[in-house]
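Numbering (UniProt numbering), first residue to last: 1 to 137.
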């Protein structure tokens, strides 16, 4: 599956968006970005199957490079490792930042389209997305 930047079908325009808020001058120069982070939950329990999680995060940054740096820090700050009540090590860790792209729209609406992902193989998507077939996590 190839992840791509939001594209022309949605009408996205790549120029830098400006915040509509007049109350915060710093926010006026920052673009709204959407990031996809891939994390893994693992355990030292012998029968544990790793569980992978995809998080979609929004953030503001002055540039794509800064957005990537900020979201990587955010993902690393969320990592945790501990022993559960039976002494098994539980570990949640960031595997990678999959994608960072400007949000499709700057305004706060509900509902809001934040990100579009394109792929060509629906069978592979169904294989990796357990919720489509009702599989419990």
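Cβ atoms here follow ideal geometry from the backbone N, Cα and C, with glycine treated the same way.
Nearest-angstrom Cα separation, counted from residue j out to residue i
i: residue 47; j: residue 86; result: 14 angstroms
i: residue 97; j: residue 113; result: 20 angstroms
i: residue 151; j: residue 76; result: As shown, the chain starts at 1 and ends at 137. That puts residue 151 outside it, with no answer to give.
i: residue 32; j: residue 65; result: 13 angstroms
i: residue 53; j: residue 61; result: 24 angstroms
i: residue 51; j: residue 57; result: 19 angstroms
i: residue 63; j: residue 29; result: 9 angstroms
i: residue 59; j: residue 88; result: 34 angstroms
i: residue 40; j: residue 93; result: 5 angstroms
i: residue 95; j: residue 44; result: 18 angstroms
i: residue 21; j: residue 127; result: Note that residue 21 scores a pLDDT of 39, beneath 50, so its modelled location is shaky; the value from the coordinates is reported in the next line. Taking the straight line from one Cα to the other gives about 43 angstroms.
i: residue 78; j: residue 130; result: 24 angstroms
i: residue 42; j: residue 117; result: 27 angstroms
i: residue 125; j: residue 55; result: 16 angstroms
Residue j beta carbon less than 8 angstroms from that of residue i
i: residue 83; j: residue 91; result: no
i: residue 103; j: residue 67; result: no
i: residue 115; j: residue 101; result: yes
Cβ neighbour criterion (16 or more within 10 Å) applied to residue i
i: residue 134; result: exposed
i: residue 123; result: exposed
i: residue 132; result: exposed
i: residue 99; result: buried
i: residue 23; result: Any reading at residue 23 must be qualified, since the residue scores a pLDDT of 43, below 50, and its modelled position is unreliable; the value itself is stated next. So residue 23 ends up on the exposed side.
i: residue 120; result: exposed
i: residue 37; result: buried
Residue i: CB within 7 angstroms of a non-hydrogen atom of the ligand SAH
i: residue 48; result: With respect to the ligand SAH, the structure offers nothing, as it holds no ligand at all.
Q.
Would you call the stretch 66-73 in contact with the stretch 107-118, where contact means no fewer than 3 C-beta pairs closer than 8 angstroms?
A. no
Q. Can you give, in chain order, each stretch of the beta strand (DSSP E) that sits fully within the stretch 54-118 and has at least 3 residues?
A. 80-83 and 89-102
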